[in-house]
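First comes the structure, then the notes that go with it.
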Amino acid sequence: MVIYNSLTRSKQEFHPIHEGKVGIYACGPTVYDYFHIGNARPFITFDVLRRQLEREGYEVTFIQNFTDIDDKMIRRANQEGITVRELADRFIEAYYQDAKALGIRPATVHPRATEHIQQIIALIQKLIDNGHAYVGSNGDVYYRVSAFPGYGKLSGQKMEDREMGASDRLDVETDKEAPADFAIWKSQKPGEPAWDSPWGAGRPGWHIECSAMSMTYLGDTFDIHCGGKDLLFPHHENEIAQSEGATGKPYVNYWMHNGFINVDNQKMSKSLGNFFTIRDIAKEYDLEAVRMFMLSAHYRSPINFSRDQIAAAAVSLQRLYTARDQMLFLLKKAKDIPVTDDETALLDRLQEYEKRFDNAMDDDLNTADAIGAIFEEVRDLNSSLNNESSKAVLEAALKSFKGMTDVLGLVQKESAENEEIPEEIQQMVAERAEARKNKNWKKSDELRDAIKLAGYILEDTPQGQKIRRAAGLNQ
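Letter 453 of the sequence shown, counting from 1, is numbered 435 in my numbering, and no numbers are missing.
Written as structure tokens, this is what we have:
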């Protein structure tokens, strides 16, 4: 596999630290609200990275954190009159629900910052001891950026460009040695949750949390760190400074960052009214269509979210479901007969489609071209498979198709054959069959349109009517 490494600004062949094993840290959400469409892109992208590495035989340890203490969380908890812990518990549960609806698998471990305070304190103490951090007069602890010569190597930012502060805290910090220094421990203010430390009661800064959690589970140096492009500076830059400043070792070998999302060709923002949470989108769309949309472009490219784009993704997704269901339908009645010469040629072509898929995925996770390989296979299968196809070739075709779609987390819903169709829809299907029998084509068409409006697709086949739920739009 070749990965575009943000650290070297080039594509590099991936070589894990430990043969056959990969350690990945993905920045997770700050759990003060439902996550939005911009957050969904890295969650989906790096879920697919993990799946592809597993397809290639790697044992993947995938860590994705929850930031469950920061200024935004404190403000919202105070507004609602609840504890920060209660707020975090609510939105962590919401994350799991929304991530599942997007086809995102749970991480190997989902560490919470507040459950790793001792590791964070130990890391800060190490930085103080070796001169990379210092305690201010008010009990805040700052990272001394000038002590780390490599600062800026990830982002290309110069030290003098460093923004003040480690988060969106509004107070002006007056006891820093230099404007570029950033807080890694914040002394307690009235009404804020706090933990005891050698420097007084307080809480960790955002950046130090990820350094401590990632190294707790993956070691001082690990394979891949990933997240949105917006985290590259200052968050990931500061993680490198903290981690390498403490250990003297390289922190991460490969850095991966996904591109931004615009909404209707505009930057997403609450002020423009184009800010959508995944919960908002789920009211209108099947979230699998959103996943399809995300993967239809290269992860490093900016993409434009629009209703037309999601509708197009839903149509494409439906084609995949139709192909899958047709193979399952044929397989039910397939006979265990010898494979023909034509089928042998098809089996060879299946291997070629899979090779194209894997080549695309191994080229810096090119999901757009990988999806193209799947559709090429689908076109071939649609024209090559029929009622006379052998059981062996149908099983091979289904296995090939499923192997690729599973990596992308697509076509994961039950077959229409196994789905429970509502009684009222079944009644309309029966009435339409009767109308066709009586050659009442007008009524037949009306019933078919009504079934479609209800969110189901009806197909006429030589074996009779087939009904399935339409993919893409929520009805």
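Yeah, the Cβ is synthetic: ideal placement off N, Cα and C, and Gly gets one too.
On a predicted model such as this, the values are computed, not experimentally measured, just so you know.
- Taking D344 as part of the beta strand (DSSP E), name the residues at either end of that continuous run. First-last for D344: 323 to 344, but that is the alpha helix (DSSP H), not the beta strand (DSSP E).
- Item | Exposure of A148, with buried meaning 16 or more beta-carbon neighbours within 10 Å | Unreliable placement is indicated for A148, whose pLDDT of 38 sits below 50; the coordinate value is still reported in the next sentence. Buried, because 16 or more other Cβ atoms sit within 10 Å of the Cβ of A148.
- Query: With V389 and R33 assumed to form a contact (beta carbons below 8 angstroms), what rounded beta-carbon distance in angstroms separates them?
  - Reply: The pair is a contact, with the Cβ atoms about 5 angstroms apart (cut-off 8 angstroms).
- Message: Suppose you measure from the CA of V127 to the CA of T203; what does that come to, to the nearest Å?
- Response: Distance between the alpha carbons of V127 and T203: 21 angstroms.
- Task: Evaluate contact between the region 95 to 111 and the region 180 to 200, counting only Cβ atoms and requiring at least three cross-stretch pairs below 8 angstroms.
- Result: Contact check between the region 95 to 111 and the region 180 to 200: three or more CB pairs, one atom from each, fall below 8 angstroms, which counts as touching.
- Task: Spell out the partners DSSP gives P8 in its beta bridges.
- Result: A quick correction: the sequence has Ala, not Pro, at residue 8. Answer is Q46, C208, bridged to A8.
- Tell me the DSSP bridge mates of R451? Per DSSP, the beta bridge partners of R451 are Y438.
- Message: Considering only their Cβ atoms, is the gap separating G182 from I56 smaller than 9 angstroms?
- Response: Taking 9 angstroms as the Cβ cut-off, I56 and G182 do not qualify as a contacting pair.
- Query: Hey, quick one: how far does the beta strand (DSSP E) through Y116 stretch, first residue to last?
  - Reply: Where Y116 is concerned, the enclosing beta strand (DSSP E) stretches over 115 to 117.
- Task: Using three-state DSSP, classify E155 as helix, strand or coil.
- Result: Confidence is the limiting factor: at E155 the pLDDT is only 49, short of 50, which leaves the residue's position unreliable and the question unanswerable from this model.
- Message: Considering Cα atoms alone, identify which of A176, A296, G20, E377 is closest to I319.
- Response: Nearest option by C-alpha distance: E377.
- Message: Distance check for R301 and Q139, CA to CA, integer angstroms please.
- Response: Each residue's Cα considered, the two are about 46 angstroms apart.
- Query: Taking the DSSP output, what are the residues bridged to F242?
  - Reply: In DSSP, F242 forms no bridge with anything.
- In the DSSP assignment, find the beta strand (DSSP E) that holds F287 and state where it starts and stops. Its beta strand (DSSP E) spans residues 285 to 287.
- D227 classed as buried or exposed, judged by whether at least 16 other C-beta atoms fall within 10 angstroms: First, the residue type needs correcting, since residue 227 is Gly and not Asp in the sequence shown. Residue burial annotation: G227 is buried, with at least 16 other C-beta atoms found within 10 angstroms of its C-beta.
- Task: Would you kindly check if the distance between the Cβ of Y236 and the Cβ of H207 is under 9 angstroms?
- Result: Yes, they are a contact pair.
- Item | Cβ pair A316, S371 closer than 9 angstroms | For A316 and S371, yes; Cβs fall inside 9 angstroms.
- By DSSP, does T27 sit in helix, in strand, or in coil? Three-state result, T27: helix.
- Message: Just to confirm before moving on: does the CB-CB distance between L429 and E413 stay below 9 angstroms?
- Response: The answer is yes: Cβ separation under 9 angstroms.
- Can you list the beta strand (DSSP E) stretches of 3 or more residues lying completely in the region 219 to 266, in chain order? The qualifying runs are 234 to 240, 243 to 245.
- Query: What separation, rounded to the nearest whole angstrom, lies between the Cα atoms of E155 and A176?
  - Reply: Annotation note: pLDDT 49 at E155 (below 50); position unreliable, no value reported.
- When you compare only the Cα positions, how much space is there between P161 and I222? A straight-line Cα-Cα distance of about 19 angstroms links P161 and I222.
- Confirm, please, whether the CB-CB distance from F275 to N244 is below 9 angstroms. Cβ atoms of N244 and F275: not closer than 9 angstroms.
- Message: Under DSSP, the alpha helix (DSSP H) around G354 begins and ends at which residues?
- Response: For G354, the enclosing alpha helix (DSSP H) has its first and last residue at 349 to 366.
- Nearest to Q291 by CA position, among S283, S278, Y303, is which residue? Cα-wise, what sits closest to Q291 is S278.
- Who does G184 pair with in a DSSP beta bridge? G184 is bridged by DSSP to S169, W177.
- On the three-state DSSP scale, how would you describe S426? Look at S426 here: in three-state DSSP terms it is helix.
- So what does DSSP say about S382, is it helix, strand or coil? Assigned with DSSP and collapsed to three states, S382 falls in helix.
- Query: Rounded to the nearest angstrom, how far is the Cβ of F44 from that of A89, given a contact under 8 angstroms?
  - Reply: Contact between F44 and A89 holds: CB atoms are separated by about 5 angstroms, below the 8 angstroms threshold.
- Task: Select from A432, L31, N348 the residue whose C-alpha is nearest the C-alpha of Y7.
- Result: Here the closest residue by C-alpha is L31.
- Task: Would you check if the distance between the CB atom of E496 and the CB atom of M386 is smaller than 9 angstroms?
- Result: Since the first residue shown for the chain is -17 and the last is 457, residue 496 is missing from the structure and cannot be characterised.
- Exposure of R450, with buried meaning 16 or more beta-carbon neighbours within 10 Å: Answer is buried; the Cβ neighbour count reaches 16.
- Message: Which of the three DSSP states is assigned to F215 in this structure?
- Response: F215 carries a helical assignment under DSSP once its states are collapsed to helix, strand and coil.
- Message: Can you check which of these residues, R37, A355, W167, is closest to R185 by C-alpha distance?
- Response: Nearest of R37, A355, W167 to R185, Cα basis: W167.
- Specify whether the region 329 to 343 and the region 12 to 21 touch according to this definition: at least 3 beta carbon pairs, one from each stretch, less than 8 angstroms apart. With a cut-off of 8 angstroms, the region 12 to 21 and the region 329 to 343 do not count as touching, because too few Cβ pairs lie within range.
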